[in-house]
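Report on one structure; see the data block that follows.
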Amino acid sequence: MVNPREISLSRCFAEGWEAFKAYPWLTIGGYAIYSVIGWVASHIPGINVLYFILAVFPLAGGFITLLLKILRRSNPRLEDLFDGFKDWVKWMGVGWLLILYVLIALIICGIPAAILVTIADFILGANSADGKIMIVIGGIITLVLLLIILMRWVFVYYVAADGANATQSIRGSTDLTEGIRFKLFWMLLVISLFAISGMVALFIGIFFTGAIAQCAVTALYLDVRQARTSPAPDI
148 MVNPREISLS
158 RCFAEGWEAF
168 KAYPWLTIGG
178 YAIYSVIGWV
188 ASHIPGINVL
198 YFILAVFPLA
208 GGFITLLLKI
218 LRRSNPRLED
228 LFDGFKDWVK
238 WMGVGWLLIL
248 YVLIALIICG
258 IPAAILVTIA
268 DFILGANSAD
278 GKIMIVIGGI
288 ITLVLLLIIL
298 MRWVFVYYVA
308 ADGANATQSI
318 RGSTDLTEGI
328 RFKLFWMLLV
338 ISLFAISGMV
348 ALFIGIFFTG
358 AIAQCAVTAL
368 YLDVRQARTS
378 PAPDI
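Here is the structure:
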């Protein structure tokens, strides 16, 4: 049982590292293949559109499935990376529904910025100092609101990989992140910075740090899920 207060960056890295040590080459290989496929497919004209429409969501689902098996020590195999294509319709639903929610959130969060930009343009003058300040403030407000909303959906793919459908995944991630979204934000930010630190080693190191970071994020999801689903301890 994990108390929500016990969910910490050090704990996630420790659990992620232990899982990584159990399957180092599988973790690095899975992360490298997933990353290279995505990078290559997105840089080929024509193929990039087909990849985004038909393959990006199932491949992401398979990658998350592989990570969950690695963290749970449940006989992970490299072919798990492509398991998402076995349930292609489900993962397409998860991916496109999430995009729809994000677009709606972007529109809603852009309203304050649009109002301030309008004020800056028609009342203060877009080129005036006050007008520029209003535009900057509008941009900051939009960014903050968008981050607050998006944090509720950080675990959508993990919830889906655990068996939920598209709508259940959105709802499940929202419930899991309730009340801890700011904490999750800075934890994920630190993990992301750790991941890209591997670029210092001629970019190759990112396959090492990136794989560990993915294990840490998966460990974070499992801790949050256990904390939410386990009964509260008696005090």
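Here this note's numbering is used: the first residue of the sequence shown is 148, the next is one more, and so on. We put the beta carbon where it would ideally sit given N, CA and C, even for glycine.
- Under the 10 Å beta carbon count, Pro223 is surrounded by 16 or more other beta carbons and is classified as buried.
- The residues Phe341, Ala342, Ser344, Gly345, in chain order, have a CB closer than 7 Å to that of Thr356 in the same chain once the five nearest residues on each side in sequence are set aside.
- Cα atoms of Ile262 and Ser182: separation of roughly 39 Å, rounded to the nearest angstrom.
- A distance below 6 Å between beta-carbons, with the five flanking residues on each side excluded, links Ala313 to the following residues of its chain, in chain order: Gly240, Val241, Leu244.
- By the CB criterion at 8 Å, Leu214 and Gln373 fall outside the cutoff.
- Contact check for Ala169 and Arg219: beta-carbon distance about 11 Å, past the 8 Å limit, so the pair fails to qualify.
- Asp234 carries a helical assignment under DSSP once its states are collapsed to helix, strand and coil.
- Pairing Gly193 with Ala202, the inter-Cα distance amounts to about 13 Å.
- When DSSP states are grouped into helix, strand and coil, Ser320 belongs to the helix group.
- The distance from the Cβ of Ala366 to that of Gly163 is about 5 Å, consistent with a contact at the 8 Å cut-off.
- In the structure shown, Ser339 adopts helical secondary structure according to DSSP, grouped into three states.
- Glu153 and Gly209 have their alpha carbons spaced roughly 29 Å apart.
- Only residues of its own chain outside the window of five on either side were considered, and among them Ala363 have a CB closer than 7 Å to the CB of Phe160, listed in chain order.
- In the three-state scheme derived from DSSP, where H, G and I count as helix and E and B as strand, Ile351 is classed as coil.
- Its chain contains Leu263 as the residues whose beta carbon lies nearer than 8 Å to that of Ile284, once the 5 sequence neighbours on both sides are disregarded; these appear in chain order.
- In this structure, Ile217 places its C-beta atom within 8 Å of the C-beta atom of Ala166.
- Sequence-distant partners of Ala307 (beyond 5 residues in either direction) whose C-beta falls short of 6 Å from its own C-beta, in its chain, are Val241, Ser316.
- The residue from Tyr368, Leu336, Cys256 with its alpha-carbon nearest to that of Tyr304 is Tyr368.
- Distance between Leu225 and Lys279, taken at the CA atoms: about 52 Å.
- DSSP, read as helix, strand or coil, puts Val303 in helix.
- Nearest to Gly286 by alpha-carbon distance, out of Ile258, Leu297, Asp309, is Ile258.
- In this structure Leu206 is not in contact with Ile191, their Cβ atoms being roughly 15 Å apart against a cut-off of 8 Å.
- For Tyr198, same chain residues with a beta-carbon under 7 Å away, outside a window of 5 residues either side, are Ala188, Ser189 in chain order.
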